[in-house]
Amino acid sequence: MDVLDQCLISTTERLNTKRLGTESLCPECLKKIPAQRVVQGETVYLVKHCPEHGDYRTLLWRGSPLWDSWVRPTIPTPPKECFTQIEKGCPFDCGLCEDHYKTTCTALIEVTQRCNLNCRFCFANAGTELDEPSLAVIEGWYKNVLAASGPVNVQLSGGEPTLRNDLPEIVDMGRKLGFNFIQLNTNGLRLAEDPIFVSRLKEAGLSSVFLQFDGTEDSIYQSIRGRRLFDLKAKAIENCAQHQIGVVLVPTLIPGINTHNIGGIIRFALENHPVVRGVHFQPVSYFGRISQEPTDEDRITLPEVIQAIEDQTDGLIKVADLKPHNGRCSFSGNFTRQPDGSLKPIINNSCCTGPERADELARKTRTFVARQWSGAETPTIQSTSSNSWDNLIQQLKTYAFSISGMAFQDVWNIDIDRLKNCCIHVVSPDGKLIPFCAYNLTDKNGHSIYRRER
Amino acid sequence: MNNTLKQTPTTLWKCGKCGGELQRGSVKASYLGNDFVVEELKCLNCGLVLITEELALGKMFEVEQSLEDK
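So the protein lines, in turn, are chains A and B. Numbering that gives the first Met the number 0 applies: residue 0 is where the first sequence begins, and numbers increase by one. Numbering that gives the first Met the number 0 applies: residue 0 is where the second sequence begins, and numbers increase by one.
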């Protein structure tokens, strides 16, 4: 165990160290324990002590943009309807409870736990079990989301949702209940191999595909997913293009495996734009049974992703073009692709100037995501240089491109304050809304607070 | 936006400010710090631009929404 011993730190270092109190969990027993964010220059650690299991120190932030600069102050707004009472305190009363800071941006509905891959890094509880929720159960979940949060963005997830043949019916049901943006979180295998299924999903009202896409090299897929998958990913994108379903590439970034390919992924996305609407990076986090605590080298933090985006795109996208979104959980930048292949940043003055109401921020996020990540209309205008309003509208819609990223929390780096600010909520089997990181979190032995164990 | 106006390079519109003639030309539009050049009717004399109610509530509003970030 790595212990932060104050005696080993020089006086200068101590004077340059800033400590900010919060709460976290013990990775061994999941007990809530006090924690400190320790800022030392460009590096920030979460330091915590469990009276029973000892000391922990986990890397939160490394490099520039600096931790202090990456803030987006939010005024908490509780959910419209809370499905749980506060008894044990965060994160043990999720449902949501009235102490949660933020309403839902995206509700995740897990329609199956089956999967056709066996990945090294996965939140889902992959298996072969066939006890999937019925359409009636899923309808109940949709209705709970409506009651708690209204017609927010929905992501159908799993397991691998496309293993359900009735997935188009699930999409159709959601649309009929009033959800305007329904996205499919998928590895893309069936979308590549079954174009009729893709057309059924489109007819049912699917807006967008959140495509697991770890890189442009087959060795990456071999390492993470156990198979060479690049050609299948490309085919899935092609099939989505035929039906004008927007695709977001979602790489899980793992140091030493695909972090060198960040620029390559962005270039591939631009080559396949506008069907590919953007790239959403997810630095790896650690769930399930872990024999050894992840080291600093096992993590890539948000500023490192942001810096790599500039470095590996040769400045096509600049650090300054990317802004905090949900505080220190995420970043985003939006662009329009120009006829010469360059990207024109859309300036974001609406963020970061002062505290924003959480429900207003969630509303803006939902609107933006639904617009940006949905399928692009086929361009009808011949010239992109003509200065008409129609051309401008089309350029802002069809040629829009987004780069974003979100860092999930695991049991080592979880900061309860950040968790309260989460706006991605998973619908649990009993119809409650659980913040994403709380739902997927496990102790080091793989025991979960919320997810049903196998 | 009145499409009839768009298709005509010069119109019978007179500037309300200086009485000058309006003609279609490049106009710089700005929203949330983003600048664009669009073609609109503007006064040849003083540069005042005609923004019809239909344009303001239609296409211009659509552009504004597209620029409102998350």
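Every residue gets a Cβ at the ideal spot worked out from N, C-alpha and C, and that includes glycine. For clarity, every value in this text was computed on a predicted model and none was experimentally measured.
query                                                                                                                           : result
In chain order, each beta strand (DSSP E) run of at least 3 residues that lies wholly inside the segment 339 to 401 of chain A  : 342 to 344
Partner residues on chain B for residue 396/A, Cβ-Cβ distance less than 8 Å                                                     : 65
DSSP-derived helix/strand/coil call for residue 7/A                                                                             : With a pLDDT of only 36 at residue 7/A, under the threshold of 50, the placement of this residue in the model should not be trusted, and no figure is reported.
Interface partners of residue 68/A on chain B, CB under 9 Å                                                                     : Simply none; closest approach about 18 Å.
Buried or exposed (CB count within 10 angstroms, at least 16 for buried), residue 7/A                                           : Note that residue 7/A scores a pLDDT of 36, beneath 50, so its modelled location is shaky and nothing firm can be said.
Expected contact under 8 Å - CB spacing of residue 439/A and residue 286/A to nearest Å                                         : 6 Å
Residue 7/B (DSSP reduced to helix, strand or coil)                                                                             : Note that residue 7/B scores a pLDDT of 49, beneath 50, so its modelled location is shaky; the value from the coordinates is reported in the next line. Coil at residue 7/B, not helix or strand.
Selection of the segment 17 to 34 of chain B by Cβ proximity to chain A, strictly under 8 Å                                     : 25, 31, 32 and 33
Beta-carbon proximity of residue 167/A to residue 119/A, cut-off 8 Å                                                            : no
When 69/A, 157/A and 30/A are compared against residue 130/A, the one with the closest alpha-carbon                             : 157/A
Beta-bridge pairing of residue 156/A - partner residues as DSSP gives them                                                      : 109/A
Cβ shell of residue 13/B (< 8 Å), same chain only, five flanking positions each side left out                                   : 19, 20 and 21
Three or more C-beta pairs below 8 Å linking the segment 171 to 178 of chain A and the segment 241 to 248 of chain A            : no
Selected residue, minimal CA-CA separation from residue 404/A, among 318/A, 41/A, 373/A and 162/A                               : 318/A
Cutoff 8 Å: residue 346/A Cβ touching any chain B Cβ                                                                            : yes
Inside the segment 226 to 274 of chain A only - alpha helix (DSSP H) runs reaching at least 4 residues                          : 229 to 241 and 261 to 270
Partners in chain B for residue 152/A, counting only beta-carbon separations shorter than 8 Å                                   : Here the premise fails: no neighbours, minimum Cβ distance about 11 Å.
Short CB-CB distance (under 8 Å) between residue 41/B and chain C                                                               : This model lacks chain C altogether, as its protein chains are A and B.
Within 8 Å, strictly: CB atoms of residue 61/A and residue 302/A                                                                : yes
Simplified DSSP state of residue 406/A, which is helix, strand or coil                                                          : coil
Where the beta strand (DSSP E) through residue 32/A begins and ends                                                             : 31 to 39
Cβ of residue 364/A within 8 Å of any chain B Cβ                                                                                : yes
Test: residue 388/A CB closer than 8 Å to a CB of chain B                                                                       : yes
Contacts of residue 272/A in chain B (Cβ-Cβ under 7 Å)                                                                          : Simply none; closest approach about 16 Å.
Proximal residues to residue 85/A (C-beta, below 8 Å), its chain only, five neighbours per side dropped                         : 92, 96, 97 and 98
Extent of the continuous alpha helix (DSSP H) run through residue 134/A                                                         : 134 to 148
Residues, ordered as in the chain, of the segment 313 to 326 of chain A that lie near chain B by beta-carbon distance below 9 Å : 322 and 324
Given 8 Å, three or more beta-carbon pairs between the segment 298 to 316 of chain A and the segment 257 to 268 of chain A      : yes
Under 8 Å between C-beta atoms of residue 226/A and residue 162/A                                                               : no
Sub-8 Å separation of residue 36/A and residue 24/A beta-carbons                                                                : no
Helix, strand or coil at residue 54/A [DSSP, three-state]                                                                       : strand
Boundaries of the alpha helix (DSSP H) in which residue 302/A is found, first to last residue                                   : 301 to 311
N-terminal and C-terminal residue of the alpha helix (DSSP H) that residue 62/A is part of                                      : Note, residue 62/A: premise wrong, no alpha helix (DSSP H); not H, not E.
Cutoff 8 Å: residue 48/B Cβ touching any chain A Cβ                                                                             : no
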